[in-house]
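Working notes, beginning with the structure itself.
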DNA sequence: TTGAGGCTTGCACGTTTGTGCATGTTTGTC
DNA sequence: GACAAACATGCACAAACGTGCAAGCCTCAA
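Protein chains in written order, with the numbering used here: chain A, 148 to 405; chain B, 148 to 405.
Below you can see the structure in the form of structure tokens.
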């Protein structure tokens, strides 16, 4: 299968795809997978870096972070943890499904972990998630319109809520700022909470993915009770003590590998 | 079976078919399969690329737009020229106005050139423009929802058109792929043209900003006549000969510094 | 019928581009 | 400080390329 000729330009696109999807590429891997010498790969990476498409590093290349304020800083916090949770979360996704992806850095990680060529339709209120998926093979992307909230990184408000009601998803991933057995799902802004409720109402199944630091904490605004959730995905580094009350509440929990 | 003559037009259609089906074509393969010299194939591919039907690459050609890389690529092309045009264009903007910014790399440059703290409301169908402005001081950003078109880099289609009709802008910047006195404003995709028309209809004034390479050229789909435009901003490097027919058409033209 | 003019095509030529290998250097790690 | 991996660079070769030119074909008018 290997020996069909691959055009240089195709190779560049493929490398950029992989960069976008995985955040990084290794020269050795690319050389092996594309059946081409490492020299050529290195030349490619140098070129792509010169064009501003990636950051060249020793051993391969990294995706450059998209510039967007607040969200960007959150994106930088604990990316490995988010990637682990994300990998566990995408296990819930079936080919051909319609998904809803709420704004947020963990959901961004989930978007990146979604498989190509799975004929997925992704509805999202987050422009960065929409952009990240738009060009990937096998994705149909629907952007929810409305007023863009800079600190949340997605559209919110009456218009966005109304638009969400027009859609119906098989599964939604709702980003939350805090989860606890006592207070349920919570977030930091009223409009954000309203929007998430609309998303939940428009979805057949509800999944929530959170990293360890959010478990057992609270925030100002109530989004939904735990009973609403079908799947809770948590980081592998959540202590059993923090998990116990959630298990007691009758929740099925998927825990990412530590 | 080979020796019946194939008309050039037939050949072009066949190449485009193959491009559509497989995403790419190799010059050698086409030459062998069509029993014709590689020279002729290369000429064909050059022609098709000039008409915007494919991207010519070393070794063959690729289908356009499977990657948003396209947008990113366009972003990298002639950024200085775009910045100059953009700086001239923002001179049209008054504090407190509601602007519409269409998707496109030149409009992205305009977004970046807009002044902070000017209490501007920007409506856009392009997630990247929305993200770029969202966190900046003095901006209210409204994202137009709908199906995200990866090659255009913005939402298009019936939903987007309907949403645009809900808004009213003081001024819109419409991105076009080609401008000429004979053919008016044109672009490469039908849905894109429809959307731009909706934007124009929802705006009190219409501005079009283009870099030099687009002046005097044509593209497949008609957007609007020149008479629709209130302001045309062009690069400083447009030759007078190319500008003359537009001036003859009675258009007021703002030319960026060379 | 004939010949001029336009168009397409294939060939020959020199040029450019992509690739792998060999070389010596830099970088990261133990 | 020692070692291997990753690297940049120069070189050679083949493939792909653009261009000019001439042959073949068609149309149209004389």
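Idealized CB from N, CA, C, for every residue including glycine. Keep in mind the model is a prediction, meaning the values are calculated, not measured.
### Query
Taking Cβ to Cβ, would you say residue 270 of chain B is nearer than 7 Å to residue 236 of chain B?
On the second chain, residue 270 of chain B is found 123 positions in, with the first residue counted as 1. On the second chain, residue 236 of chain B is found 89 positions in, with the first residue counted as 1. No, Cβ-Cβ distance for residue 270 of chain B and residue 236 of chain B is not below 7 Å.
### Message
On the criterion of 16 or more Cβ atoms from any shown chain inside 10 Å, does residue 159 of chain A qualify as buried, or is it exposed?
### Response
The count along the first chain starts at 1 and reaches residue 159 of chain A at position 12. It is buried - the Cβ of residue 159 of chain A has at least 16 other Cβ atoms within 10 Å.
### Task
In angstroms with no decimal places, state the Cα-to-Cα distance between residue 213 of chain B and residue 329 of chain A.
Start at 1 with the first residue of the second chain, and residue 213 of chain B comes out as number 66. Start at 1 with the first residue of the first chain, and residue 329 of chain A comes out as number 182. Low local confidence applies: a pLDDT of 40 at residue 213 of chain B is under 50, so the model's placement there is unreliable, with the coordinate-based value given in what follows. In a straight line, the C-alpha of residue 213 of chain B is about 47 Å away from that of residue 329 of chain A.
### Query
Assuming residue 303 of chain B contacts residue 342 of chain B under a Cβ cut-off of 8 Å, what Cβ separation, rounded to an integer in Å, is found between them?
Taking the first residue of the second chain as position 1, residue 303 of chain B is located at position 156. Taking the first residue of the second chain as position 1, residue 342 of chain B is located at position 195. Rounded to whole angstroms, the Cβ separation of residue 303 of chain B and residue 342 of chain B is 5 Å, and the two are in contact under 8 Å.
#### Entry: Length at least 4, wholly inside the region 258-287 of chain A: the alpha helix (DSSP H) runs in chain order
274-281
### Task
Kindly provide the ranges of any beta strand (DSSP E) runs that are 3 or more residues long and lie completely inside the region 163-247 of chain A, ordered along the chain.
With a minimum length of 3 residues, the continuous beta strand (DSSP E) runs that stay inside the region 163-247 of chain A are 171-173, 202-204 and 207-209.
### Query
If you draw a straight line from the C-alpha of residue 260 of chain B to the C-alpha of residue 375 of chain B, how long is it?
In the second chain, counting from the first residue as 1, residue 260 of chain B sits at position 113. In the second chain, counting from the first residue as 1, residue 375 of chain B sits at position 228. Cα to Cα, the separation comes out at about 25 Å.
### Message
Taking CB distances under 7 Å as the criterion, tell me whether residue 155 of chain B reaches chain A.
### Response
Counting from one through the second chain, the residue named residue 155 of chain B turns up at place 8. False, the Cβ-Cβ gap to chain A never drops below 7 Å.
### Query
Looking at C-beta atoms only, is the number of pairs between the region 358-367 of chain A and the region 309-326 of chain A that lie closer than 8 Å three or more?
Touching, per the Cβ criterion.
### Query
By DSSP, does residue 364 of chain A sit in helix, in strand, or in coil?
Taking the first residue of the first chain as 1, we reach residue 364 of chain A at position 217. Three-state result, residue 364 of chain A: coil.
### Query
Straight-line CA distance for residue 173 of chain A to residue 207 of chain A?
Translated into positions along the first chain, residue 173 of chain A becomes position 26. Translated into positions along the first chain, residue 207 of chain A becomes position 60. Each residue's CA atom was taken as its position, placing residue 173 of chain A and residue 207 of chain A some 4 Å apart.
### Message
Bridge partners for residue 350 of chain A per DSSP, in chain order?
### Response
Reading the first chain from its first residue, position 203 is the one you call residue 350 of chain A. Per DSSP, A/316.
### Proximity below 7 Å, CB of residue 281 of chain A to CB of residue 291 of chain A
The count along the first chain starts at 1 and reaches residue 281 of chain A at position 134. The count along the first chain starts at 1 and reaches residue 291 of chain A at position 144. Taking 7 Å as the Cβ cut-off, residue 281 of chain A and residue 291 of chain A do not qualify as a contacting pair.
### Three-way DSSP call (helix, strand, coil) for residue 302 of chain A in this model
Along the first chain, one-based indexing puts residue 302 of chain A at 155. Note: residue 302 of chain A maps to strand in three-state DSSP.
### Message
Let me make sure I understand the geometry here. Which of B/380, B/211, B/338 and B/401 has the alpha-carbon closest to that of residue 168 of chain B?
### Response
Taking the second chain and counting its residues from 1, one reaches residue 168 of chain B at position 21. The option with the nearest alpha carbon to residue 168 of chain B is B/211.
### Query
Roughly how many angstroms separate the alpha carbons of residue 200 of chain B and residue 193 of chain B, rounded to a whole number?
Counting from one through the second chain, the residue named residue 200 of chain B turns up at place 53. Counting from one through the second chain, the residue named residue 193 of chain B turns up at place 46. Approximately 10 Å, taken between the alpha carbons.
### Message
Would residue 315 of chain B and residue 349 of chain B qualify as a contact pair, given that the criterion is a beta-carbon distance under 7 Å?
### Response
What you label residue 315 of chain B is simply residue 168 of the second chain in a count that begins at 1. What you label residue 349 of chain B is simply residue 202 of the second chain in a count that begins at 1. In contact: residue 315 of chain B and residue 349 of chain B (Cβ atoms closer than 7 Å).
### Query
If you count every other CB in all the chains shown that lies within 10 Å of the CB of residue 250 of chain B, and 16 or more means buried, which is it?
What you label residue 250 of chain B is simply residue 103 of the second chain in a count that begins at 1. By the 10 Å Cβ count, residue 250 of chain B comes out buried.
### Task
Name, in chain order, the residues that DSSP records as bridge partners for residue 254 of chain A.
The count along the first chain starts at 1 and reaches residue 254 of chain A at position 107. In the DSSP output, where bridge partners are listed per residue, residue 254 of chain A has none listed.
### Query
Which residues in the same chain have their Cβ closer than 6 Å to the Cβ of residue 276 of chain B, if we skip the five residues on either side of it in sequence?
In the second chain, the residue the question calls residue 276 of chain B occupies position 129. Once the five neighbours on either side are set aside, the close Cβ partners of residue 276 of chain B are 248, 255 and 258.
### Query
Count the other CB atoms within 10 Å of the CB of residue 298 of chain B; is the residue buried (16 or more) or exposed (fewer)?
On the second chain, position 151 is the one that residue 298 of chain B refers to. By the neighbour-count rule (16 or more Cβ atoms within 10 Å), residue 298 of chain B is buried.
### Query
Which residues in chain B sit within 7 Å of residue 290 of chain A, going by Cβ to Cβ distance?
Along the first chain, one-based indexing puts residue 290 of chain A at 143. Correct list: 274, 290, 292, 293, 295 and 302.
### Query
Of the residues A/373, A/388, A/382 and A/385, which one's Cα is nearest the Cα of residue 398 of chain A?
Your numbering for residue 398 of chain A matches position 251 in the first chain. The residue among A/373, A/388, A/382 and A/385 with its C-alpha nearest the C-alpha of residue 398 of chain A is A/373.
### Query
With 16 as the cutoff for other CB atoms within 10 Å, does residue 378 of chain A come out buried or exposed?
For the purposes of this step, residue 378 of chain A is taken as the residue at position 231 of the first chain. With 16 or more other Cβ atoms within 10 Å, it is buried.
### Task
Would you tell me roughly how many angstroms separate the C-alpha atoms of residue 286 of chain A and residue 265 of chain A, rounded to the nearest one?
On the first chain, residue 286 of chain A is found 139 positions in, with the first residue counted as 1. On the first chain, residue 265 of chain A is found 118 positions in, with the first residue counted as 1. If you take the alpha carbons of residue 286 of chain A and residue 265 of chain A, they lie about 8 Å apart.
### Query
Quick one: is residue 188 of chain A buried, meaning 16 or more other Cβ sit within 10 Å of its Cβ, or exposed?
Looking up residue 188 of chain A in the first chain gives position 41. Looking at its Cβ environment, which holds 16 or more other Cβ atoms inside 10 Å, residue 188 of chain A is buried.
#### Entry: residue 154 of chain B in three-state terms, based on DSSP
The sequence position of residue 154 of chain B within the second chain is 7, counting from 1. Coil at residue 154 of chain B, not helix or strand.
### Query
Leaving out five residues before and five after residue 439 of chain A in sequence, what residues of the same chain have Cβ atoms less than 7 Å from its Cβ?
Only positions 148 to 405 of chain A appear in this structure, which leaves residue 439 of chain A out of reach.
### Task
Would you kindly report the start and end of the unbroken beta strand (DSSP E) that includes residue 325 of chain A?
Looking up residue 325 of chain A in the first chain gives position 178. Start and end: 325-327.
### DSSP-derived helix/strand/coil call for residue 321 of chain B
Along the second chain, one-based indexing puts residue 321 of chain B at 174. Correct three-state label for residue 321 of chain B: strand.
### Query
Going by other Cβ atoms of all chains shown within 10 Å of its Cβ, with 16 needed for buried, is residue 182 of chain A buried or exposed?
For the purposes of this step, residue 182 of chain A is identified with residue 35 of the first chain, where counting begins at 1. By the 10 Å Cβ count, residue 182 of chain A comes out exposed.
### Message
Just to make sure I have the definition right: I need the residues of chain B whose C-beta is within less than 8 Å of the C-beta of residue 428 of chain A. Which are they?
### Response
Given a span of 148 to 405 for chain A in the structure shown, any question on residue 428 of chain A remains unanswerable.
### Message
Going by the DSSP bridge assignment, what does residue 159 of chain B pair with across the sheet?
### Response
Mapped onto the second chain, residue 159 of chain B falls at position 12. Per DSSP, none; premise fails for residue 159 of chain B.
### Query
Given that a residue counts as buried once 16 or more other Cβ atoms are within 10 Å of its Cβ, and exposed if not, what is residue 231 of chain A?
As a working note, residue 231 of chain A is residue 84 in the first chain. Classification for residue 231 of chain A: buried.
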